[in-house]
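Convert by adding 14 to the 1-based position in the sequence shown; the result is the number in this note's numbering.
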Amino acid sequence: MYTSGNWLVPQMNGQPYSHKPPLLFWMINLAWSLGGLSTLAARLVVLATGIASAALTGLAARLLWPRLPGIGPWSVMTFAAIGLVTVFTGLVMFDGLLTACLLLSTCGLLLVWRRGKRSWWALVAIGLGLGILAKGPVALLHLLAVGALASLVFARETPGGLRGWFLGLGAAVVGGIAIALAWAVPAAIFGGPEYREMILWGQTAERMVKSFAHARPFWYYLPLLPLFALPWGWWPPLWRWLRRDAWRGSTQAPRFCAIWFATVFVAFSLISGKQIHYLLPALPALALIAARAIVASGDTVLRQRDLLLPLLPMILVGLSAPLMELADAMELPGRLPQAQAYLERLRSDWPGWALLAVLSLLLFATPRRAKAQAGAIAGAVALALSAGHMIAAAAFATYDWSRIADTVHRRQSCGLAWFGDYSGEFGYLARVTEPVSRTNPDSLEGWLAAHPGGVAINKGLAPGARDSLPPPDEAMPYRGKTMALWISPGAPEQCR
15 MYTSGNWLVP
25 QMNGQPYSHK
35 PPLLFWMINL
45 AWSLGGLSTL
55 AARLVVLATG
65 IASAALTGLA
75 ARLLWPRLPG
85 IGPWSVMTFA
95 AIGLVTVFTG
105 LVMFDGLLTA
115 CLLLSTCGLL
125 LVWRRGKRSW
135 WALVAIGLGL
145 GILAKGPVAL
155 LHLLAVGALA
165 SLVFARETPG
175 GLRGWFLGLG
185 AAVVGGIAIA
195 LAWAVPAAIF
205 GGPEYREMIL
215 WGQTAERMVK
225 SFAHARPFWY
235 YLPLLPLFAL
245 PWGWWPPLWR
255 WLRRDAWRGS
265 TQAPRFCAIW
275 FATVFVAFSL
285 ISGKQIHYLL
295 PALPALALIA
305 ARAIVASGDT
315 VLRQRDLLLP
325 LLPMILVGLS
335 APLMELADAM
345 ELPGRLPQAQ
355 AYLERLRSDW
365 PGWALLAVLS
375 LLLFATPRRA
385 KAQAGAIAGA
395 VALALSAGHM
405 IAAAAFATYD
415 WSRIADTVHR
425 RQSCGLAWFG
435 DYSGEFGYLA
445 RVTEPVSRTN
455 PDSLEGWLAA
465 HPGGVAINKG
475 LAPGARDSLP
485 PPDEAMPYRG
495 KTMALWISPG
505 APEQCR
């Protein structure tokens, strides 16, 4: 999108890219247009969506429990401290943006319930439309699963009763689809027949019925429930509150949160394609339940041992910086080549980790005052989201392709080829502006001979498959396989 100047039809390697809609691409491209081409600008966009999700979780809490002091700020903290949230907030992925969009729709549902005005259905439609533009019609599944079953909790307390609820929900769905079609229709016209078929049907229907990617058994998410609940699901006061007090009285809020998570969990268990991050938009429901349990404990601020639970991983990683230096002094990275890049990245980030650790420890000294409480919550949220960025960057440092990308960038004018499944990996990293040609292992030597100074690339070549190929000029481990580059000899001066 950046190199082609085409904001309507996303492209990859010179061809229309139909796998995802354009909202995240638009946001990153806008950041680049304002601040220049950089990784930081893209990550700030994603961080902003995480902060928006945390803030909207707090708004949802205040709508669910309007007379409960402190529930909003605690919900912000419990959401930001969920382990999967801190990790995926650090990744440039579509699910974080989808979570923010669907939270906007959920807040619209709660406003319809609390305020009794049909005009709030417009907010539901806007959130849904943005969600479809963020990740496609899968946003419909989220909203319909929650909105339809929420009628069991809210419908009788809203204008028009059950009939009015479903009429409003239907109108919001139509409005959300109309927002998405404002992009999809012109994009389908200018993108061509194949692109039109994929964005309007193939990408969603085929993934749901018979996934062409990430196919998993229906029980895939069940063993992962303890991971989704980390850390609050491991907090004993939460379970005591759920067992004793959560379902007492006439309050509908806990039931709504339970319906929210359960319906999304079941719906996505029935879909063929499954990934852990697909359930990210349902995690605010768990954060809201955790926040309600915290407030029910009667403390104005968390006790030290309670605050330690979500912050402990950050403290441990922060204090592990000296151990990384010790590992380097013992030449352990040299003995474990695959850990080299990982340790280098962690070691380079250790001042930031140390700062996070110090701030975390300072939170234990927070006095029990309202302003101090707000500062503790804000600090914890900032810690969680920042740690997410650092954890993600460090975890994926093993697959840092920067060195290889530099070679590709310098030699792209002499020809680039890829054999295997190319997904635009070097477009941004190597600032490649022309389409990369395709080849296959049998034609590798012929292609190299025909392109002096050119580079042929393969991602994920199995060790046995390399036996029939010439030794690569550069290689690095990649997910149990190898990323390999073959450089044609006899390069002209401009390719050196």
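Note that CB positions come from ideal geometry on N, CA and C, so glycine has one too.
Three-state class that DSSP yields for ASN472 in the structure shown: As a working note, residue 472 is residue 458 in the sequence shown. Note: ASN472 maps to strand in three-state DSSP.
Any beta strand (DSSP E) of 3 or more consecutive residues that is wholly inside the stretch 413 to 471: DSSP runs (the beta strand (DSSP E)) wholly in the stretch 413 to 471: 430 to 432.
Closest by C-alpha distance to TYR31, when choosing among ALA74, GLY206, ALA464: Position 17 of the sequence shown, counted from the start, is the residue given in the question as residue 31. Of the candidates ALA74, GLY206, ALA464, the one whose C-alpha sits nearest the C-alpha of TYR31 is GLY206.
Residue range of the alpha helix (DSSP H) that includes TYR209: Your numbering for residue 209 matches position 195 in the sequence shown. Note, TYR209: alpha helix (DSSP H), 207 to 211.
Beta bridge counterpart(s) of MET41 as assigned by DSSP: Residue numbering aside, residue 41 sits at position 27 when the sequence shown is read from its first letter. Beta-bridge pairing links MET41 to no other residue.
Per-residue burial, THR71 [other beta carbons within 10 Å of its own, 16 or more giving buried]: Along the sequence shown, one-based indexing puts residue 71 at 57. Result: buried.
Beta-carbon contacts of ARG210 that lie in its chain and below 6 Å, excluding the five residues immediately before and after: Residue mapping note: residue 210 aligns to position 196 of the sequence shown, counting from 1. Answer for ARG210: ALA202, listed in chain order.
Contact check, LEU117 vs ILE140, beta carbons under 8 Å: The count along the sequence shown starts at 1 and reaches residue 117 at position 103. The count along the sequence shown starts at 1 and reaches residue 140 at position 126. Not in contact: LEU117 and ILE140 (Cβ atoms no closer than 8 Å).
Beta-carbon gap between PHE93 and VAL99 smaller than 8 Å: For the purposes of this step, residue 93 is identified with residue 79 of the sequence shown, where counting begins at 1. For the purposes of this step, residue 99 is identified with residue 85 of the sequence shown, where counting begins at 1. For PHE93 and VAL99, yes; Cβs fall inside 8 Å.
Own chain partners of ALA186 with C-beta closer than 6 Å, once the 5 adjacent residues on each side are dropped: As a working mapping, residue 186 is identified with position 172 in the sequence shown. Excluding positions up to five away in sequence, the list reads TRP135, VAL138, ALA139.
Local conformation of LEU333 per DSSP, three classes: On the sequence shown, position 319 is the one that residue 333 refers to. Confidence is the limiting factor: at LEU333 the pLDDT is only 48, short of 50, which leaves the residue's position unreliable, though a coordinate-based value still follows. Looking at LEU333 - three-state DSSP - the assignment turns out to be helix.
Close-in-space but distant-in-sequence residues of the same chain around THR17 (CB under 7 Å, 5 per side omitted): The count along the sequence shown starts at 1 and reaches residue 17 at position 3. Answer for THR17: THR447, listed in chain order.
Segment contact flag, the stretch 420 to 440 with the stretch 463 to 474, C-beta cutoff 8 Å, min 3 pairs: Cβ pair count under 8 Å is three or more, so yes.
Sufficient close CB pairs (3 or more, under 8 Å) joining the stretch 54 to 69 to the stretch 172 to 180: no
Residues near ARG269 in its chain [Cβ-Cβ closer than 6 Å; skip 5 each side]: Position 255 of the sequence shown, counted from the start, is the residue given in the question as residue 269. Take ARG269, set aside five residues on each side of it, and the residues of its chain with a beta-carbon closer than 6 Å to its own are VAL167, in chain order.
Check: SER133 C-beta below 7 Å from any heavy atom of the ligand SAH: By its list of ligands, the structure shown contains no ligand whatsoever, and the ligand SAH lies outside what it can speak to.
Nearest-angstrom Cα separation, counted from TRP255 out to ALA267: Taking the first residue of the sequence shown as position 1, residue 267 is located at position 253. Taking the first residue of the sequence shown as position 1, residue 255 is located at position 241. Near 14 Å, if we compare the C-alpha coordinates of TRP255 and ALA267.
Inter-residue spacing [alpha-carbon to alpha-carbon] between LEU239 and PRO484: The residue labelled residue 239 in the question sits at position 225 within the sequence shown. The residue labelled residue 484 in the question sits at position 470 within the sequence shown. Answer to the nearest angstrom: the Cα atoms are 46 Å apart.
Beta carbon of LEU443 nearer than 8 Å to that of SER482: Taking the sequence shown and counting its residues from 1, the one referred to as residue 443 is at position 429. Taking the sequence shown and counting its residues from 1, the one referred to as residue 482 is at position 468. Cβ atoms of LEU443 and SER482: not closer than 8 Å.
Bounding residues of the alpha helix (DSSP H) (the contiguous stretch that carries ILE96): Here residue 96 is taken as the residue at index 82 of the sequence shown, counted from 1. Where ILE96 is concerned, there is no enclosing alpha helix (DSSP H), given that its DSSP letter is neither H nor E.
Beta-carbon contacts of LEU293 that lie in its chain and below 8 Å, excluding the five residues immediately before and after: On the sequence shown, residue 293 is found 279 positions in, with the first residue counted as 1. Around LEU293, the same chain offers TYR235, PHE242, VAL278, PHE279, PHE282 as residues with beta carbons nearer than 8 Å, after the five sequence neighbours per side are excluded.
Simplified DSSP assignment, three categories, for LEU377: Residue numbering aside, residue 377 sits at position 363 when the sequence shown is read from its first letter. Bear in mind that the predicted position of LEU377 carries a pLDDT of just 49, short of 50, making it unreliable; the figure below should be weighed with that in mind. Reduced to three states, the DSSP call for LEU377 is helix.
N-terminal and C-terminal residue of the alpha helix (DSSP H) that ILE140 is part of: Numbered from 1 along the sequence shown, position 126 holds the residue referred to as residue 140. Segment 135 to 149, the alpha helix (DSSP H) holding ILE140.
Euclidean distance between Cα positions of HIS33 and MET212: Position 19 of the sequence shown, counted from the start, is the residue given in the question as residue 33. Position 198 of the sequence shown, counted from the start, is the residue given in the question as residue 212. If I take the Cα positions, the gap works out to 8 Å.
Span of the alpha helix (DSSP H), counted from its first residue to its last, around LEU166: By 1-based counting over the sequence shown, the position of residue 166 is 152. From DSSP, the alpha helix (DSSP H) with LEU166 extends over 152 to 168.
Beta-carbon contacts of ASN20 that lie in its chain and below 7 Å, excluding the five residues immediately before and after: Translated into positions along the sequence shown, residue 20 becomes position 6. So the list is empty, once near-sequence residues are dropped.
C-alpha distance - LEU284 paired with ASN43, whole-angstrom precision: Walking along the sequence shown from the start, residue 284 turns up at place 270. Walking along the sequence shown from the start, residue 43 turns up at place 29. Their Cα atoms are separated by approximately 35 Å.
DSSP bridge partner residues for ILE501 (one or two, in chain order): As a first step, residue 501 is located in the sequence shown; it is residue number 487 there, counting from the start. VAL469.
Option in ALA419, PHE440, ILE308, PRO466 with minimal Cα separation from GLY84: One-based indexing of the sequence shown puts residue 84 at position 70. For the options ALA419, PHE440, ILE308, PRO466, the alpha carbon positioned closest to that of GLY84 is the one of ILE308.
Alpha-carbon spacing of VAL23 relative to ILE418, whole angstroms: Within the sequence shown, the letter at position 9 stands for residue 23. Within the sequence shown, the letter at position 404 stands for residue 418. If you take the alpha carbons of VAL23 and ILE418, they lie about 29 Å apart.
Rounded C-alpha distance that separates LEU253 from ALA229: Numbered from its first residue, the sequence shown carries residue 253 at position 239. Numbered from its first residue, the sequence shown carries residue 229 at position 215. Before going on, a small fix: residue 253 reads as Trp here, not Leu. Computed Cα separation, rounded: 33 Å.
LYS10, buried or exposed, once every other Cβ within 10 Å from all chains shown has been counted against 16: Nothing in the structure corresponds to residue 10, since the chain is present only between 15 and 510.
Where GLY131 falls, given that 16 or more other Cβ within 10 Å makes a residue buried: In the sequence shown, counting from the first residue as 1, residue 131 sits at position 117. It should be pointed out that residue 131 corresponds to Lys in this sequence rather than to Gly. The residue is exposed, with fewer than 16 neighbouring Cβ atoms inside 10 Å.
Distance between LYS288 and GLY460 (C-alpha atoms, nearest Å): Your numbering for residue 460 matches position 446 in the sequence shown. Your numbering for residue 288 matches position 274 in the sequence shown. Their Cα atoms are separated by approximately 40 Å.
Bridge partners - TYR492, DSSP secondary structure assignment: Counting from 1 along the sequence shown, the entry for residue 492 is found at position 478. Answer is LYS495.
Residue ranges of each alpha helix (DSSP H) within the stretch 62 to 136, 4 or longer: 85 to 94, 97 to 102, 108 to 129
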